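Heads up: the sequence lines are chains C and E, in that order.
All letters in the first sequence, in the order written, are residues 16 to 451 by our numbering.
All letters in the second sequence, in the order written, are residues 16 to 451 by our numbering.
The structure appears below as structure tokens.
Protein chains: 2
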Amino acid sequence: MKSVGVAILGLGVVGSGTYRILTEHREFYRRTQGIDISVESVLEINRQRAIDLGVEESKVSDNIAEVVSNPNVDIVVEVIGGVEPAKSFVLAALHSGKTVITSNKELFCKYWFELEKAAKRTHAGLYYEASCVGGVPIIRTLIDGMQANVVRSLTGIINGTTNYILTRMAREGLGYAEVLKDAQALGYAEKNPTADVEGFDAAYKLSILASLAFHTKVPLDKIYREGITEISRADIAYGEELGYVLKLLAIGKCDAEDKIEVRVHPAFIRKDHPLASVNDSFNAVFLQGDSVGDIMLYGRGAGALPTGSAIVSDIIYAATHTDHKYATFKNTQLPEKGVRFVTDFSSRYYIRFTAHDRAGVLAKVAGIFAKYNISIVDFIQKGEDIDRTQKEDLGGNIPIILITHKTSEFSVRRAVEKISALEDVAQVNSVIRVEG
Amino acid sequence: MKSVGVAILGLGVVGSGTYRILTEHREFYRRTQGIDISVESVLEINRQRAIDLGVEESKVSDNIAEVVSNPNVDIVVEVIGGVEPAKSFVLAALHSGKTVITSNKELFCKYWFELEKAAKRTHAGLYYEASCVGGVPIIRTLIDGMQANVVRSLTGIINGTTNYILTRMAREGLGYAEVLKDAQALGYAEKNPTADVEGFDAAYKLSILASLAFHTKVPLDKIYREGITEISRADIAYGEELGYVLKLLAIGKCDAEDKIEVRVHPAFIRKDHPLASVNDSFNAVFLQGDSVGDIMLYGRGAGALPTGSAIVSDIIYAATHTDHKYATFKNTQLPEKGVRFVTDFSSRYYIRFTAHDRAGVLAKVAGIFAKYNISIVDFIQKGEDIDRTQKEDLGGNIPIILITHKTSEFSVRRAVEKISALEDVAQVNSVIRVEG
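This is the structure:
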């Protein structure tokens, strides 16, 4: 039977989950995969944590050189997170010819090509299923399942924290700050929630997924990013009335002329869209391929065991496939020739503003929209009948909600500026994109 | 650049779709995968059909020996369907050392081991992603994505025809016969719809999926099977009132003692279950792994291009992975030692019967349930207020609907027999399992 020795760098949440899966399933993998996978080394400064987990003391190290030079180690699992020291450790492992498996989306999306170059040089494997959407096999699906297709679009709910917050705001009619506090207490959000709620985490993942889907480098700085901190429960309630659910979406599109748009922002989607029922901390990625049509993958995007499951599936894959495949696009830090990134993308828009209750306001607003060639699909004016979830103080004004046809982001921004300046308009409260 | 020559056996719906994808994407695969895939041979009795599709006349053959001995052919795609002559053709290709890719679920589930033995003998690849759930990469996910997990259950909507029929019955309040006729006219159902509506097609696929998920042979004859021909719109409407959607489910479960239950039958699932919103001809498979938790894959289960997409993804996979991996369980025609198949499985049950409007009937029915240790969760008695979708002639009787707690199939069957025999009961109209 083939034996495979594994080193785990870092016994945090994911590292401990991986250790647990590997040790509890060792016999199962011997039986079903014909491989004997043993944890031969653990890099962890907190020795006691390792020992408490059941690691033999002789296998705990605080020295990366020792770990990567260990002849019993074939595969190094990096689950430290962040750029340094993770990057140096991964490079050290690759230089020693060890296959590396990582869950580190930030490292991977920023230094993918440097890592891949190092892996190619020593013919080591480099696997990163766990970097995106936890236990959902989205990377493998893009590399080994959808490769027959020209992928035209990718739409994902790929951050569990924000989906949990938005689900609870919608279900319980609560405000953002209130739910965030609760999510932090329950461990669904970090003390410093910026990476999640401002969309950075989703942007890292989108950079990786879009690069694979569109076969070209999609740099992080090309991704438009907007978080959920400004979302009010009023918008969620009005959206619901119009048949929409609010989600933080990661969107990638590539048209026939290789123009790519990539963006992370809150957006309304129709209630009957498959992504609309992805709730709580669940994640999903919806893909459109030219042959396969629509497909969606759904599951847990984070957590010790789901992410550990992705890491172990990479370990088994690396151990049973001797020819390592690298990213399918060219080994360059730049997008391929001919690829352009769209900054003025198109969408439909939900616009909520508050007006003094005067007859003329709608005509003026309509005039501004007409000037920018924006046409309106749906319209709600809330006279006295203010929705019960709408608890903001309106100071005698009335809320007006519009949904536009598909139009350019820049036109909408200019139109909104003009509307804000109208004497009859107290405030433009929110502008939210409407997708799918 | 690596060159790969493909032969396609049969230019029916899937064969033509595969041919189209391969020829239209040839340049795309050269660029993104670094492989030049050409169709070198086509086995098709109807020469004209091949020529009309654009195949060079010199590449059309009606002789399998000629096709499999062609030195330009590396990979043989079998898309004929059915057992013979597909089986002989596939074996001929494998004997010649050609890798085989098939969409043939019936052949594969019945002769998997014979085919795999032949493939191993000549070190040829054997791939069958297209045999189950069309363009959804469920086979690859089970083999290369979920292999870190002990899979405890698999629940699928894996037949597009029946899902289309049930979706329209629910949406439009129509009867089975009416929708079937329409589905046949629209090409969603075959002239002879038996394989789909009686659950044979779903059973073939379940045999393959459950074998992979549970790492043991799950023979077709161990699968309990019941079709959708007896489903009435009344049950769909009552179910909806209780918060359920009716689907034809393929269910596989494996408990900690390696007891396996596999069944295909109509079942109610809660409206908020991820499978409940899988509508029309879409398919989905919901899996529960011990590490990853719940995951679901959703997409088109059939059609020329979605199924062709799965075949081409197998071609690319076979061309870029030199070490072919065979099924992960032992090469035997029998289930592994220790595996037992459960015939008396457990479920919750929806039972509808028609009673004369007499006070005593419920007490008697409750007595029968108590005798068989069946407890009741939900109960509706429709006095005068018969649902408007309930158009059956009740002859002055009243419909009574019960939903039970989890109980054994055998107990329910016996209880239903006793209830049928009650003088006050006109008829037991339906017994439908309630899952998820």
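Just so it is clear, CB atoms sit at the ideal spot from N, CA and C, and this is done for glycine as well.
Computed from a prediction, not measured in an experiment: that's the story for all the values here.
Excluding its 5 nearest sequence neighbours in each direction, C147(C) has C-beta neighbours in its own chain below 8 angstroms: K120, I153, I154, I173, K220, I223 and L224, listed in chain order. Restricting attention to I310(E), P414(E), S426(E) and E450(E), the CA atom closest to the CA of I383(E) is found in S426(E). Per DSSP, reduced to three states, the secondary structure at R278(C) is strand. Counting only the Cα atoms, E99(E) lies some 49 angstroms from E276(C). Burial check for S226(C): the Cβ neighbour count within 10 Å reaches 16 or more, so the residue is buried.
Taking 8 angstroms as the upper bound on Cβ-Cβ separation, chain C lies near residues V151, P152, R155, T156, D159, G160, M161, Q162, A163, N164 and V165 of the stretch 151–169 of chain E. Under the three-state reduction of DSSP, N178(E) is assigned to helix. Separation of I36(C) and V21(E) (C-alpha to C-alpha, rounded to the nearest whole angstrom) is 41 angstroms. Straight-line spacing of the CA atoms in N178(E) and L201(E) works out to 14 angstroms. Boundaries cannot be given for K74(E), as no alpha helix (DSSP H) includes it and DSSP labels it neither H nor E. For T337(E), the chain C residues whose C-beta falls within less than 7 angstroms of its own C-beta are D338, listed in chain order. In the DSSP secondary-structure assignment, F368(C) is bridged to I415(C) and V443(C). Residue contact check for V233(C) against chain E: no CB pair falls below 9 angstroms. Taking 9 angstroms as the threshold, the shortest C-beta distance from Q348(E) to chain C does not fall below it.
In the DSSP annotation of this structure, the continuous segment of the beta strand (DSSP E) that includes A22(E) starts and ends at K17 to L24.
Those residues of the stretch 203–230 of chain C placed with their C-beta closer than 8 angstroms to a C-beta in chain E are H230, ordered along the chain. Secondary structure at F229(E): helix, using DSSP grouped into helix, strand and coil. Here T322(E) is buried. Its C-beta has 16 or more other C-beta atoms within 10 Å. A Cβ of chain C is located within less than 9 angstroms of the beta carbon of G149(E). If you check the CB distance, V260(C) and A198(C) do not come in under 9 angstroms. Excluding its 5 nearest sequence neighbours in each direction, L437(E) has C-beta neighbours in its own chain below 6 angstroms: K379, listed in chain order.
Scanning chain C for C-beta atoms nearer than 8 angstroms to the C-beta of S31(E) yields nothing, as the closest lies near 13 angstroms away. Considering only V392(C), Y387(C) and I50(C), the residue with the shortest C-alpha distance to S423(C) is Y387(C). When secondary structure is reduced to three states using DSSP, Q199(E) falls in the helix class. Looking at the DSSP output, D309(C) sits in a beta bridge with Q303(C). The beta carbon of A204(E) sits closer than 8 angstroms to the beta carbons of T176, Y179, I180, L195, A198, D211 and V212 from its chain, once the five residues preceding and following it are set aside; these are given in chain order. Minimum Cα-Cα distance from E81(E) among the listed residues L68(E), V57(E), V70(E) and Q63(E) corresponds to V57(E). Under the 9 angstroms criterion on CB atoms, F297(C) is classed as interfacial with respect to chain E. Here the C-alpha atom of P281(C) lies approximately 31 angstroms from the C-alpha atom of G32(C).
For the stretch 42–71 of chain E, the residues whose beta carbon sits under 7 angstroms from a beta carbon of chain C are, in order, F43, T47 and Q48.
Assignment of S84(E) by DSSP, reduced to helix, strand and coil, places it in the helix class. Interface annotation, S390(E): not in contact with chain C, CB-CB separation never under 9 angstroms. Beta bridge pairing from DSSP links G267(E) with L169(E) and V277(E).
What M184(C) touches in chain E, judged by beta-carbon distance under 7 angstroms, is nothing: the nearest beta carbon there is about 18 angstroms away. For N85(E), the CB contacts under 6 angstroms within the same chain, skipping 5 residues up- and downstream, are S56 in chain order. Close partners of Y341(E) in chain C (Cβ separation under 9 angstroms) are lacking, with about 11 angstroms as the shortest Cβ gap.
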